[in-house]
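Participant:
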Ligand code: G3H
Ligand code: 13P
Ligand code: ZN
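In our numbering, the protein residues as written are 56 to 364.
Shown next as structure tokens:
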């Protein structure tokens, strides 16, 4: 099956109340780990590359590796640009076979975000590509924002509605308390499900996206730290909350940090236990296996997208 857009998978996710995992890819082992897991679960999957990933792996390699995945597996796979910073980057990806792009105008004011998003939507739609946009800013201790109700820049539901109507974007990333990276919460994890509910009431047909949604799986953090890593106090969004989000209208859940932890933890463990190893396959194989297990767990036990291919 060729690459697909996210249109049909999101329609199904909204109708049947499940979420689709969007996993960040940077190299072959990560791609293989993700698609092997999705194929085992017979699940749709979104592979997303950031500008940094594109710079690192280079577009022809990403494309060809994903073509290989399509050759091996008969599941719906979308190729998405994560956090497109400007029109030019989005255009480059659209012109190079991506089926979906994100234009991240959340750093701009509302009117500038609308104008930039609309420009990308017009070009993307003329080429049959779909667009994710973002409104509101992800909070987190990373930005020195101590996630509290008063100072986090949560998405305003009325603004979200106006934004979707004016831009014609196909899906919308919202801020309800998640943040990127391994340090999402100082105290207890908390997401504003009340805001999600209001947004879904106002724009019921717009697929909603959750960025910064890694669990920061404690076992993976421990695996890193027990083998020489230094990632103290890391904390993410618990599985139960992500599962709730998948039932309450979130269609796409973004995961990068958990894959980084899996890969790094597995490699650290080999280096620690077998210092004489220097064949990359000896440590990249367990890394790929742990990515696969991690993705399979999310698809099956958290997002509910097994057998939804
Ligand atoms: O949200 C950002 C993703 O984790 C991608 O990170 O820009 O370092 O590739 P990156
Ligand atoms: P995490 O850092 O929580 O994995 O979020 C990834 C993400 O949002 C990619 O766009
Ligand atoms: Zn993100």
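Yeah, the Cβ is synthetic: ideal placement off N, Cα and C, and Gly gets one too.
Thinking just about the alpha-carbon of each residue, which of 343, 99, 76 is nearest to the one in residue 59?
Facilitator: Minimum Cα distance to residue 59 is reached at 99.
Participant: For the structure I just gave you, are there three or more beta carbon pairs, one from the stretch 74-84 and one from the stretch 208-221, closer than 8 Å?
Facilitator: The stretch 74-84 vs the stretch 208-221: no contact.
Participant: Looking at the unbroken alpha helix (DSSP H) that takes in residue 165, where does it start and where does it end?
Facilitator: It spans 165-181 - the alpha helix (DSSP H) in which residue 165 sits, taken as one unbroken run.
Participant: Select from 305, 270, 179 the residue whose C-alpha is nearest the C-alpha of residue 244.
Facilitator: Of 305, 270, 179, the residue nearest in Cα terms is 270.
Participant: Just grab the DSSP bridge partners of residue 78 for me.
Facilitator: Residue 78 pairs with 102, 310.
Participant: Could you tell me which residues DSSP puts in a beta bridge with residue 318?
Facilitator: Paired residues: none, contrary to the question.
Participant: Is there contact here, the stretch 69-77 with the stretch 108-119, by at least three beta-carbon pairs under 8 Å?
Facilitator: They do not touch, by the three-pair rule.
Participant: Is there contact here, the stretch 159-175 with the stretch 184-193, by at least three beta-carbon pairs under 8 Å?
Facilitator: A contact exists between the stretch 159-175 and the stretch 184-193.
Participant: State the Cα-Cα distance for the pair residue 200 and residue 331, rounded to the nearest angstrom.
Facilitator: At residue 200, the pLDDT of 41 sits below 50, so the modelled position is not reliable; the number obtained from the coordinates is stated separately. Their Cα atoms are separated by approximately 44 Å.
Participant: Since residue 155 and residue 133 are thought to touch, with beta carbons under 8 Å apart, how far apart are those beta carbons, to the nearest angstrom?
Facilitator: The pair is a contact, with the Cβ atoms about 5 Å apart (cut-off 8 Å).
Participant: Quick check: residue 157 and residue 137, are their CB atoms within less than 9 Å of each other?
Facilitator: Against a cut-off of 9 Å, the Cβ pair of residue 137 and residue 157 comes out as a contact.
Participant: Restricting to Cα atoms, I'd like to know which of 317, 285, 224, 300 is closest to residue 252.
Facilitator: Cα-wise, what sits closest to residue 252 is 300.
Participant: Determine, using beta carbons only, whether residue 101 and residue 64 come nearer to each other than 9 Å.
Facilitator: For residue 101 and residue 64, yes; Cβs fall inside 9 Å.
Participant: For residue 89, collect the residues of the same chain with a Cβ closer than 6 Å to its Cβ; drop the 5 residues on either side in sequence, then sort them by chain order.
Facilitator: Once the five neighbours on either side are set aside, the close Cβ partners of residue 89 are 78, 350.
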